[in-house]
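Structure, as structure tokens:
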Amino acid sequence: MTQSTILSLVVFLPLLAGLALLLVPRQRVVFCRWWTLAAMTAGLVASGAALSMMQKGAAGMQLVHRVPWIPSMGIDYFLGVDGISIYLVLLTSLLGPIVVLSAWRSIGEKVREFHFLLLLLQAGILGAFLSLDLFLFYMFWELMLIPMYLLIGVWGGPRRVYAAIKFVLYTIVGSLLMLVAILYLYFAHHAQTGMYTFDLLRLYGTELTGPQQVWLFAAFALAFAIKAPVFPLHTWLPDAHVEAPTAGSVVLAGVLLKLGTYGFLRFALPLFPSAAHAAQPLFLVLAVIGIVYGALVAMVQTDIKKLVAYSSVSHLGYCVLGLFAFNISGFSGSLFQMISHGLSTGALFLLVGMIYDRRHTREIADFGGLAQAVPWFAATFVFVTLSSIGLPGLNGFVGEFLVLVGAFGANRIAAAAATTGVVLGAVYMLWLVKRFLFGPLVHEENRMMSDLNGREVLLLLPILLFIVYLGVHPGPFLRRMEPSLHATLTLSTPGPGRVETLRMLQLSTGSLRGSGTGWKAGAEGATAPRGASVPLLPATAPEFTAVVPAPGVMDQVLTVTASAFAVSASAVGNGVAR
Amino acid sequence: MTNMGASLFAILPELVLTGAILVVILADLLLKARPGRPTAVAVLSCLGLVGSVAAIAAVPGPGAGTSAFGVMIATDGFALFFKGLVYFAAFFGVILGLMSSEIRREQYGEYAILLLCLAMGMGLLAAARNLLMLYLGLEMVSLPSYILTGFRRGDRRSSEAAVKYVIIGAASSGLMLYGFSLLYGLFGTLDLTRIGMGITRLLAGPPTGEHLALAVATLLSLAGFAYKIAAVPFHMWCPDVYEGAPTPFTAFLSVGPKAAGMAALLRFFLTAFGAPVAGAVGGFPWQVLLGILAMVTMTVGNFAALNQENVKRMLAYSSIAHAGYMMMAVAVGSGDAVRSVMLYLPIYLLMNTGAFLAVMAVRERTGSELLTAYRGLGSRSPYLAITLTVFLFSLTGIPPFAGFIGKFYLFAAVLKAGSPFFNVVAVVGVLNSVIALYYYARLVRTAFFEKAGEGEGAVALTEPSRVMLTVLAVPTLILGIYWGPLASLIERSAGMMR
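As they're listed, the protein sequences go chains A and B. At position 190 of the first sequence the residue is numbered 226 (the numbering used here), and the sequence of numbers has no breaks. At position 98 of the second sequence the residue is numbered 141 (the numbering used here), and the sequence of numbers has no breaks.
And the structure:
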């Protein structure tokens, strides 16, 4: 596998495997499961191979695969990966086989179609993370819609029909307005350069007037804010989560929501920096409201799955908060939080799904004292809970901490308000643990429940390992994402640094070279030397490096471990005392 | 091109079609009581249509501005493209009619003949460069349509639909004729190009009473086109006619005449008014007029479709909405806009015919067109349900289906116009797509999320239905991912009238 085709393999492996699945007779249920598991595992291997092929310390796009698609419109098939998207791709690929395993027993009807849709969804998500052509991105972005609609609607819970249509309508309102904005940007870029292209790296350079930026940013931000979801637009999420089958919830929480925050990071902020900065107060407020409101609402839920769903609203609030801090620690924290939320919340949904498979209820009141009946399950649940509430030493802490540091640099009040979310998070999760797992075992039917079986252990184990690994040793991850984040941060900051950074990004990606017939930039590309992957030094944004230089992150993490631990501990005390 | 021989050669497609019509009439008469009669008629009709499409390729030099019989009939790429398109639509109409039990076997010959006549009328309508020819084409499309709508003679709904169709059709024809007569009175010619020159001269001068007359004439002519493409406020016939007409004919009616009407509308406005004139200060604001009409049309169509319990009727309203989407681009009137409409129509032909084919297949088995007949279709007839889903999501305009590409080009053309007004039009357009998603997804929901009721067994697909569904669904998927060849065909054909 050569450098240029590995990403296409990552995207199209699930798609082709899914199409092949349709040729299998529908009765061969077991084969469908194994086939999908094999395809997802192969996809994970491919993503891992992509990671190993990447050059460390480079900011630009790597492993670029670019083929002219519709030259008359300047549409390219254009994939590339950088330090930002690779982790989201890895997360998606990691959750792929896990999701298949989690559905091994719980999906009994229309098994072939279920797995086909899972594979299609996987391809759509991976494609959206890797696309560098806005048209291609939009195709993949919308490709996710139909599989998710059907996954919720066909295999979902009692109110699945309502939840499915709500999900689709919310999503499409945002996406279609974004489509209009994409087209507007495309024509605005043409008006300036005389070139039709959907190449993101070229469109970054479009000079827009203030009102244009505001409108376009609003359209993009709406699409991503619905997906993320940001506070007043979050109402589709609890419905979709609760009604979706476990596999759907895991994909939804694990990666689908990240497309919203990723969209901000990759598209909305760097494309329209002035408008994004102008919108900073609004989004800081919305993010903080989301954090606190999500946590408060989670606290009063009686359905475990709904509780976890609202906790997602709260956690995604941190991601948005970090992004709109507009500094490097906010950005890295946000990206780190995206990954660790994918792992912890994914695991929580998996665990809730396991208990639902056994008891067919998710009401907290129907449980209690499970630790006596199913000790391994209970231990795992407690472990994941601790990761979710940000216990130092586990993954959740690093992201939240960095986000809060970043937010502190941007706006102290917002940071202070957001910190209450950490406390509240500990309260609702630990209170859940207390009612769910501890105390007397009042419901006798729970006593007969079986503990985790081999398959369940197998699917949880990778997540648990990563939760620990990311928690105790986040340094390599942070260092690898940093150059790309720096570049994105510079692009997201209106000012002279943008042009230079953009040029380096374009050079390293070969975006300045003509590729299709729709290109009219031959002269420009010819004079520019083609550096394979020019690393972007953080020096392009010195004012931000001062906040928290990432190599020193571990020290900082360790120094505050004690204090954060104290906060958690007191919350534990409060929660259990109730 | 005044040479009679060359002119005759230029209408080779029509000549082939005329020959085919005569052959089909004869065959239908001669085969009277033979069991294979409908099949033979269908085969001959299809051969005739395929022959006509082949003849299109043979017509010489489809350059811009070429025409035959003086300046009566255009033979430019634009006209030829639309001829091919409407012949294809008729082709599907012929085949769907053969598969449907709504067309009685002994009447099938008449059905096919009328459809072929209609095809010829649509071709002429798309090619007309003269008001008289335009009107003739329009009537040649309308008259067989009235008959075919009332084709199920015993059915009250069918007869009622036909009567409504005739009355509204006659009224709008009358309006249109009056508009044409005003144009003739103003400029002393029926030739669209000459009228265009006259309008340019007129609008360049100081405002007089003639400007008012021109405005009235334009509005009245527009009425005729609006009727043909089922645009608001001349859409009222559409749902009743679509519901009452036999389903295979509805499938045809929702695409063929709409395409031909769209072609005539484009040619009328672009030849007679011309985009540059309209852009000029003091120009007649027909772009704004059409833009508003487009927004109203799609909004009315989509909102009315929301709560329809009859799927055929829902698709009728949705076809009104689609006319609205295309009118956005007509309003822009640029070369890109023309091309985007030309791209949209073949895609629309595929997906809309496909959706109606699915409706027909369900009706053949359950005897119902109601939403409730689609409950549990996902398990009762998976293939039908999946292809129907493809068509519906394509109609919505969701990638990776062809409908998305069509809409993408339409919106691109509208946004490229770059005026605030058209930006608003585009936003209204996308918001309409959201409404459309709701009712298309509602049908998908009924098919997949709801369980079949008591006694609702499997919907067995006949082999021809399966084949036709595949024939329509596969290009709907392929064009959604790779539409380059179609786009370049249109690029070549669009070198149009001016």
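Even for Gly, the Cβ is constructed at its ideal location relative to N, Cα and C.
- DSSP places residue 329 of chain B in the helix class (H, G or I) of the three-state scheme.
- Residue 481 of chain B sits in a helix when the DSSP states are folded into three classes.
- Residue 99 of chain A: member of the beta strand (DSSP E) spanning 98-106, first to last residue.
- If you ignore the 5 residues before and after residue 445 of chain B, its C-beta comes within less than 6 Å of the C-beta of 390, 437, 519, 522 and 523, all in its own chain and listed in chain order.
- Close CB contacts of residue 67 of chain A within its chain, under the 7 Å cut and outside five residues either way in sequence, are with 60 (chain order).
- Distances from the alpha-carbon of residue 418 of chain B to those of B:502, B:156 and B:54 put B:502 closest.
- Between residue 215 of chain B and residue 267 of chain B the beta-carbon gap is near 5 Å, inside 8 Å, which marks them as a contact.
- Exposure of residue 246 of chain A is indicated by the presence of fewer than 16 other C-beta atoms within 10 angstroms of its C-beta.
- Between residue 196 of chain A and chain B, the shortest Cβ-Cβ separation is below 8 Å.
- The alpha carbon of residue 400 of chain A has as its nearest neighbour, out of A:261, A:305 and A:468, the alpha carbon of A:468.
- The three-state secondary structure of residue 113 of chain A, taken from DSSP, is strand.
- Contact between residue 479 of chain B and residue 361 of chain B holds, since their C-beta atoms are separated by about 7 Å, short of 8 Å.
- Annotation: residue 277 of chain B to residue 46 of chain A spans about 52 Å, alpha carbon to alpha carbon.
- Within the region 351-395 of chain B, complete alpha helix (DSSP H) segments of at least 4 residues are found at 354-375, given in chain order.
- Taking C-alpha positions only, residue 512 of chain A is separated from residue 92 of chain A by approximately 10 Å.
- About 5 Å separates the beta carbons of residue 96 of chain A and residue 545 of chain A, which is inside the 8 Å limit, making them a contact pair.
- Residue environment: residue 183 of chain A is assigned as buried (16 or more neighbouring CB atoms within 10 Å of its CB, all protein chains considered).
- Using beta-carbon distances, residue 418 of chain B does not count as an interface residue toward chain A, since no partner is under 8 Å.
- Our two residues, residue 147 of chain B and residue 58 of chain A, have alpha carbons roughly 38 Å apart in a direct line.
- Per DSSP, residue 150 of chain B lies in no alpha helix (DSSP H) and is assigned neither H nor E.
- Taking all protein chains shown into account, residue 393 of chain A has fewer than 16 neighbouring C-beta atoms within 10 Å of its C-beta and is therefore exposed.
- Comparing alpha carbon positions, the residue from A:307, A:100 and A:71 closest to residue 44 of chain A is A:100.
- Interface residue (Cβ-Cβ distance to chain B less than 8 Å): residue 328 of chain A is not classified as such.
- Shown here, residue 173 of chain B sits in a strand according to DSSP, grouped into three states.
- Between residue 444 of chain A and residue 453 of chain A, the gap from beta carbon to beta carbon reaches 8 Å or more.
- Residue environment analysis places residue 396 of chain A among the exposed positions, since fewer than 16 neighbouring C-beta atoms fall within 10 angstroms of its C-beta.
- Closest in C-alpha terms to residue 516 of chain A, from the list A:462, A:371 and A:412, comes A:371.
- Judged by DSSP in its simplified three-state form, residue 161 of chain A adopts helix.
- In this structure the region 102-110 of chain A does not lie against the region 65-81 of chain A, because fewer than three pairs of beta carbons, one per stretch, are closer than 8 Å.
- Where residue 431 of chain A is concerned, the enclosing alpha helix (DSSP H) starts and stops at 431-446.
- The three-state reading of DSSP puts residue 58 of chain B in helix, counting H, G and I together.
- Annotation: residue 240 of chain B to residue 214 of chain A spans about 41 Å, alpha carbon to alpha carbon.
- Assignment of residue 198 of chain B by DSSP, reduced to helix, strand and coil, places it in the coil class.
- A straight-line Cα-Cα distance of about 50 Å links residue 348 of chain B and residue 482 of chain A.
- Here the region 344-355 of chain A makes contact with the region 267-276 of chain A; the two share three or more CB pairs at distances below 8 Å.
- At a beta-carbon threshold of 9 Å, none of the residues of chain B lie near residue 244 of chain A; the nearest stands roughly 14 Å away.
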